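Report on the structure given below.
4 protein chains.
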Amino acid sequence: MKKIRMGMIGGGIGAFIGDAHRRASRICNDFELVGGVFDVDYERSKEFAVQEGISLDRCYKSVDDLIKAELAMPADKRMEVVAVVTPNALHYPFAKSLLQNGFHVVCEKPMTMTVEEALELEELVKKTKLTFSLTHTYTGYPMVRQMRDLIAKGTLGTIQRIDAQYYQGWINSIIHGTDSRIKGVWRLEPEHAGVSSCMGDIGVHAFNLIEYTTGLEVKEVLSDLNSVKEGIKLDLDGTVLLRFSDKLKGVIRSSQVCGGEENGLTIAVYGSKASLKWGQENPNYLYMLSDSEPTRIFKPAHGYNDKFAEMSHTMPAGHPEGIYEALANIYRGTAKSIRGQAYIPGEFPTVHDGVRGMKFIHSVVQSNKMGNVWVKIS
Amino acid sequence: MKKIRMGMIGGGIGAFIGDAHRRASRICNDFELVGGVFDVDYERSKEFAVQEGISLDRCYKSVDDLIKAELAMPADKRMEVVAVVTPNALHYPFAKSLLQNGFHVVCEKPMTMTVEEALELEELVKKTKLTFSLTHTYTGYPMVRQMRDLIAKGTLGTIQRIDAQYYQGWINSIIHGTDSRIKGVWRLEPEHAGVSSCMGDIGVHAFNLIEYTTGLEVKEVLSDLNSVKEGIKLDLDGTVLLRFSDKLKGVIRSSQVCGGEENGLTIAVYGSKASLKWGQENPNYLYMLSDSEPTRIFKPAHGYNDKFAEMSHTMPAGHPEGIYEALANIYRGTAKSIRGQAYIPGEFPTVHDGVRGMKFIHSVVQSNKMGNVWVKIS
Amino acid sequence: MKKIRMGMIGGGIGAFIGDAHRRASRICNDFELVGGVFDVDYERSKEFAVQEGISLDRCYKSVDDLIKAELAMPADKRMEVVAVVTPNALHYPFAKSLLQNGFHVVCEKPMTMTVEEALELEELVKKTKLTFSLTHTYTGYPMVRQMRDLIAKGTLGTIQRIDAQYYQGWINSIIHGTDSRIKGVWRLEPEHAGVSSCMGDIGVHAFNLIEYTTGLEVKEVLSDLNSVKEGIKLDLDGTVLLRFSDKLKGVIRSSQVCGGEENGLTIAVYGSKASLKWGQENPNYLYMLSDSEPTRIFKPAHGYNDKFAEMSHTMPAGHPEGIYEALANIYRGTAKSIRGQAYIPGEFPTVHDGVRGMKFIHSVVQSNKMGNVWVKIS
Amino acid sequence: MKKIRMGMIGGGIGAFIGDAHRRASRICNDFELVGGVFDVDYERSKEFAVQEGISLDRCYKSVDDLIKAELAMPADKRMEVVAVVTPNALHYPFAKSLLQNGFHVVCEKPMTMTVEEALELEELVKKTKLTFSLTHTYTGYPMVRQMRDLIAKGTLGTIQRIDAQYYQGWINSIIHGTDSRIKGVWRLEPEHAGVSSCMGDIGVHAFNLIEYTTGLEVKEVLSDLNSVKEGIKLDLDGTVLLRFSDKLKGVIRSSQVCGGEENGLTIAVYGSKASLKWGQENPNYLYMLSDSEPTRIFKPAHGYNDKFAEMSHTMPAGHPEGIYEALANIYRGTAKSIRGQAYIPGEFPTVHDGVRGMKFIHSVVQSNKMGNVWVKIS
């Protein structure tokens, strides 16, 4: 099958997330990276292009240049999709321009800086009918998809409690000065990161995972955020109370100062009949709990899983696939959409997930500012 | 060494918690059960006494009878300590009478129904100088004590986040009618259980564990409780935001409707230098996390532990001791206190822990009633 | 119910295994320790008796003295059962004398030094009809008993492979001189420990667990033992190939020099329909594996378990019981037998398990001596 | 950097191992698949080529055709390396032809059918100085490489015991007729699979892992193999005693009938100072045990690891990479060798590992045939 011609904005030398996107696109084997704007520094951008074997003709100085030059090409050579993997503040303007000029977009999260921008992109996607894929990578794991299917089938009965966590510790060493890493520090600056560090960077993944697996919408949030140390302008830590309905409540706990935690994203959904628990660091294990039956461990590559989980894993049982494969699953879904092939809803997160995420982040920040009060996620 | 003569209120036929207290008292081998009021039904009480080989002379109809008769005995025969293992509402009146009449008391939690009662007991204990031991059993585990020691030594640096959980699922089957157990149902009735089910029964253990291991006091709480189902009068589920100081926040999550969860009490304390995680279901594993070192697993019966942990475990490494031994450790500490022997603070929870617990429960309930606002734990 | 009067040989000050037996006997609450020969040093023996609150009249200088004096007592005061918890070489002579004089016996393993002695004890037990209980403690765990029941019911289909392990590391530090412990060193001396250290002390537990859980008999063994270091006279490490039948083979791996291993006894039984795995260090988890179903985790205190497992655990689900409770379960079964009450086969290991164990140890040692050849366990 | 032109023999439609090789080659991004003989059925081979976007000109009918046609091309177009991913029996003849004609080779294991063939290939590689990479995939995991480095540095002291396991269950369902899969059944036929099923297919991985991580050579083996069921011609199960020296012994346990086991490759190396344990199903966890220190868990993406482990993982800590990334690491090492770049010994398994593997398989089979006697691996 012919590969989809892809460009990339950001993700040049030393950027781990750009590398992840490229690997994922190669794993699923539906894409060919043909050009991009890999770095704000044009020389470094070209250096990167050479290193990757990309024609310097298509290594552009700016997104505007890229759009202009690509549009000048014949349709069968032109970039079809562009992956935006820049710091947060640039997602929105670049995604918008690209959509307006007819390019499909793969976009890192958080999708925008404001809710208004998010709604604008949603409108634009609706209008243009282009594919917009937001890389909430964790939705690409087979057992997350199995969890979604099990819940959709009603296996849990009435859902009674939802508890998600995203704990990391890496900022800890930065704010306490024992680490000289500075690459990540744009995350601590409002102008680059937006209104939130912890919730915007990772809490929103927990939020997305809840809505993705349960199909429910969070209605209201009440948050208590913590900047942890004098001089830090954004939240590095916080807890968010969630309400789904009168009788269904939940909680998101998220922190970047849990020293020693690596990438501790977990979710537990408790129902009247059974419960499900999953954790990102051992992504191939999904636990089903029940009061009357032994706990069951679902794993990929088994006939007892639903089709969606099974098509998201390629190796035989016990051969662990990981996060690159999860992202590749999202790229694969995105490719299907771009090609106009049938795909399962949930194969890739959409612009609507991005809108929900921005509403979550802003409601959480607002709740905290107003003194830890309930704020509706309209 | 001569055994301490012990009585028991409650804990007769079929009562698992009374059985647990007796086993613990036999394991530590410092006590001899000589009498009590084992059941409100005197015939059943006697039946129990016969079964246990306890003289019917000392199987009493009421606590008043017990006190009167025991006081009439010579001091070297008289009961020295009485364990109160009745439903919640009776802890306070019995404990009070017993203390007023010169008996040491071992008391199940929650210690009282109100904060005022708790303060009254605290006053009484101060005045009488009697031993009062509150069985927050989980503080008897060796690795909980090791955690306390590691934190006291400053191993974690500045504490930055605290997260405790206590999830059970057993009420789930009761409220959904798939279980005919009714023994526990007094826990759902305010007149027997007090102002709270979930927080009063189990959330308070999580609270106690936080204060026990960190030596910190929770200053304020904001809670969101959930009765889960129409017709339930008390909370079965809830989340409590915690504030220790301006820059230290935390959370307690507690629920009795997490189907399939058994006795899921966990605690994580995150510091600027290192972090500690412990869970009750695998109580012999204490995890120390750090950004710069491999995660370490502390286990009992090793030279690297502090003395307090080591004296709380008797078997060689790898021979798992469990919850009865944890409770026996508390009984052992209580015995030392009764005998006037030296003991380590923390060998048994005191009346002050009971006061703190009652303040926690009432503040949490108040916060929820007032619309999820911050309430000080004065 | 009236307690059974128990004596003890060995197990005095500092002896952890004697302490374990006493705790277990107190936990099940069927026994009363009334006397014994607690130490070869009579003064230390008396010191221990005082410490335990045992009458010095019944603290004897020798087993012969004990037998003579107890037989002189009226039947309703006389010791009924004696626990033999001495070093290995003394199990046989003491157990024999005790049986010959009408005492029930609880005996530590290995039961004897030779197969002949074991057969002699078996004969004696048959003749006297006394209760003889061999403390293969691990058979007292609820989930081991559940495993036995599941296999007996045919849940696994045809058994195809059996793999048991018993790894410890504690001798490591002794033989490399970084540890000054010497208490255990009699285990390295043939005159005290018998023909084997590793296989006699721990390998035999793995063997027993296999026969206990599967109901199968090992027919032949081929072993390769390792004394690890110059100057060590006994095996500290070894592997034993097992044959149960033409098409069913297995292996026991056992070592005392696996540094860092604590008490790593595990068993896995693989069948044509399903498989079961259990490990002693997390004894409340039994894993059932299958090719077509999610792995299931059986835990105590659930309706899905068989009666034998359920009567072997007293706390609600999620409250971990440990090794003392396992040993107490064996004491409880022993008490039933002494009292002539009905009990389930498997509630305590018998003299026949002791015979099997001795045959195993001697066959393994013989196989190794003869150059790693097959030796029948007749 | 210019990509290395790669061909492939086997691995067409439906072949999971060929797919794995291609994914790995794309992940490391050093290779470009330009042609091959993907299937014995030429039509299916072409179908596959179309599907993969490979020019039909380079989709060959046979390996001979491939060699002839490619050699006719100019050097800067010609295939440089060929991956041989056929059934076992074809590895040797194809690898030999390819080497003789100047192609670098990536070869699936087992490398050949006989030891003689293996030695012949080793000779050929020495003579031609071509790169020969044997895909013992598990050596590509970062924590396996960390284990190798820790052992090489002497962290464990004197090694005292080695225990490796490779348990699978998938053949179970085939031989008991509950599964209609037949793709794998060539593994049960001597003419396709060679002298062994279980040991040749998976036991040899455990053997390789031992020699890879410890740097030691197995000197002698004694095996007991099991065909499990009437009519099966090869071993499906077995245990192999290992001798490394007079005082160092070990064991490999391997089975294809352990129902419910997925891909249970584990290794434990016990030393006088510390021990290391690793398991394939959670490949990012390496456990270091010690008698005097808490167990440590090494994970990728940390400064405490050696360089070799760190260069084998690209994501930040806690983002699990899996088996495709392990294989990609081997492809990366292979690429360095082909390009004449510096690489670390161990970056890819060599023809010598293949020779060792064949010697292991044949010695094990011989030991079993001769009645379970010691056989030297010369």
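Protein chains in written order, with numbering that gives the first Met the number 0: chain B, 0 to 377; chain X, 0 to 377; chain L, 0 to 377; chain E, 0 to 377.
By construction, the Cβ of each residue, glycine as well, lies at the ideal position given by its N, Cα and C atoms.
All of these numbers come straight from a predicted model, not from anything done at the bench.
Min CB distance residue i to chain E below 9 Å
{"i": "K1(X)", "result": "no"}
{"i": "M110(B)", "result": "no"}
{"i": "D236(L)", "result": "yes"}
{"i": "F15(B)", "result": "yes"}
{"i": "N225(L)", "result": "yes"}
For residue j and residue i, the rounded distance between their alpha carbons
{"i": "P92(B)", "j": "L65(B)", "result": "14 Å"}
{"i": "G278(X)", "j": "Y284(X)", "result": "8 Å"}
{"i": "K248(E)", "j": "N281(L)", "result": "28 Å"}
{"i": "I181(L)", "j": "V354(L)", "result": "With a pLDDT of 48 at I181(L), under the threshold of 50, the modelled position of this residue cannot be trusted; read the value that follows with caution. About 30 Å."}
{"i": "T313(X)", "j": "N304(X)", "result": "13 Å"}
{"i": "E190(X)", "j": "S253(L)", "result": "58 Å"}
{"i": "E79(L)", "j": "L129(L)", "result": "10 Å"}
{"i": "L70(L)", "j": "R77(L)", "result": "7 Å"}
{"i": "I329(E)", "j": "T138(E)", "result": "8 Å"}
{"i": "K383(L)", "j": "Y211(L)", "result": "The structure shown does not extend to residue 383(L), since chain L is modelled only from 0 to 377, so the question has no answer here."}
{"i": "Q159(L)", "j": "F37(E)", "result": "37 Å"}
{"i": "G10(L)", "j": "N207(L)", "result": "24 Å"}
{"i": "V49(B)", "j": "E42(B)", "result": "11 Å"}
Below-9 Å beta-carbon distance, residue i vs any chain X residue
{"i": "G302(E)", "result": "yes"}
{"i": "Q159(B)", "result": "yes"}
{"i": "H175(B)", "result": "yes"}
{"i": "T349(B)", "result": "no"}
{"i": "H318(L)", "result": "yes"}
{"i": "M369(B)", "result": "no"}
Cβ distance (whole Å) where residue i is taken to contact residue j below 8 Å
{"i": "A273(X)", "j": "G153(B)", "result": "That pair is no contact at about 44 Å."}
{"i": "S24(L)", "j": "L32(L)", "result": "7 Å"}
{"i": "L187(B)", "j": "L233(B)", "result": "6 Å"}
{"i": "I8(X)", "j": "T127(X)", "result": "Contact doesn't hold; Cβ gap of about 18 Å is too wide."}
{"i": "F359(B)", "j": "V203(B)", "result": "6 Å"}
{"i": "A205(L)", "j": "G199(L)", "result": "So it is not a contact: roughly 12 Å between Cβ atoms."}
{"i": "Y323(X)", "j": "E320(L)", "result": "7 Å"}
{"i": "E260(L)", "j": "L288(E)", "result": "6 Å"}
Proximity test, Cβ basis, 9 Å: residue i and chain B
{"i": "E309(L)", "result": "no"}
{"i": "M7(L)", "result": "no"}
{"i": "E260(X)", "result": "yes"}
Minimum Cβ-Cβ distance from residue i to chain L less than 9 Å
{"i": "M314(X)", "result": "yes"}
Next on the checklist: At 3 residues or longer, what runs of the beta strand (DSSP E) sit wholly inside the stretch 79-141 of chain X?
Outcome noted: Complete beta strand (DSSP E) runs here, min 3: 80-83, 103-106, 131-133.
Checklist entry - Where are the beta strand (DSSP E) runs, 3 residues long or more, that stay fully inside the stretch 208-268 of chain B, in chain order? => result Correct list: 219-225, 236-244, 247-254.
Checklist entry - Whole beta strand (DSSP E) runs in the stretch 277-315 of chain E with 3 or more residues, listed along the chain? => result The stretch 277-315 of chain E contains, as complete beta strand (DSSP E) runs of 3+ residues, the segments 285-288, 294-297 (chain order).
Checklist entry - Should the stretch 98-109 of chain L be called in touch with the stretch 165-175 of chain L, which here means at least 3 C-beta pairs below 8 Å? => result Because the criterion of three Cβ pairs below 8 Å is not met, the stretch 98-109 of chain L and the stretch 165-175 of chain L do not touch.
Item to check | At least 3 beta-carbon pairs within less than 8 Å: the stretch 221-233 of chain L vs the stretch 358-367 of chain L | outcome: Taking 8 Å as the limit for Cβ pairs, the verdict is that the stretch 358-367 of chain L does touch the stretch 221-233 of chain L.
Next on the checklist: I'd like to know if the stretch 333-345 of chain X and the stretch 159-166 of chain X are in contact, where contact means that at least 3 CB-CB pairs between them fall below 8 Å.
Outcome noted: Contact between the stretch 333-345 of chain X and the stretch 159-166 of chain X is absent, with fewer than three C-beta pairs closer than 8 Å.
Next on the checklist: Count Cβ pairs between the stretch 237-245 of chain B and the stretch 13-20 of chain X that sit closer than 8 Å; are there 3 or more?
Outcome noted: Counting Cβ pairs under 8 Å, fewer than three are found: no touch.
Item to check | 4-residue-minimum alpha helix (DSSP H) runs that sit fully inside the stretch 150-198 of chain B, ordered along the chain | outcome: Counting only runs of 4 or more residues that sit fully inside the stretch 150-198 of chain B, the alpha helix (DSSP H) segments are 169-174, 189-192, in chain order.
Item to check | Every unbroken alpha helix (DSSP H) within the stretch 4-36 of chain X, with a cutoff of 4 residues, ordered by chain | outcome: As far as the stretch 4-36 of chain X is concerned, its whole alpha helix (DSSP H) runs of at least 4 residues are 15-27.
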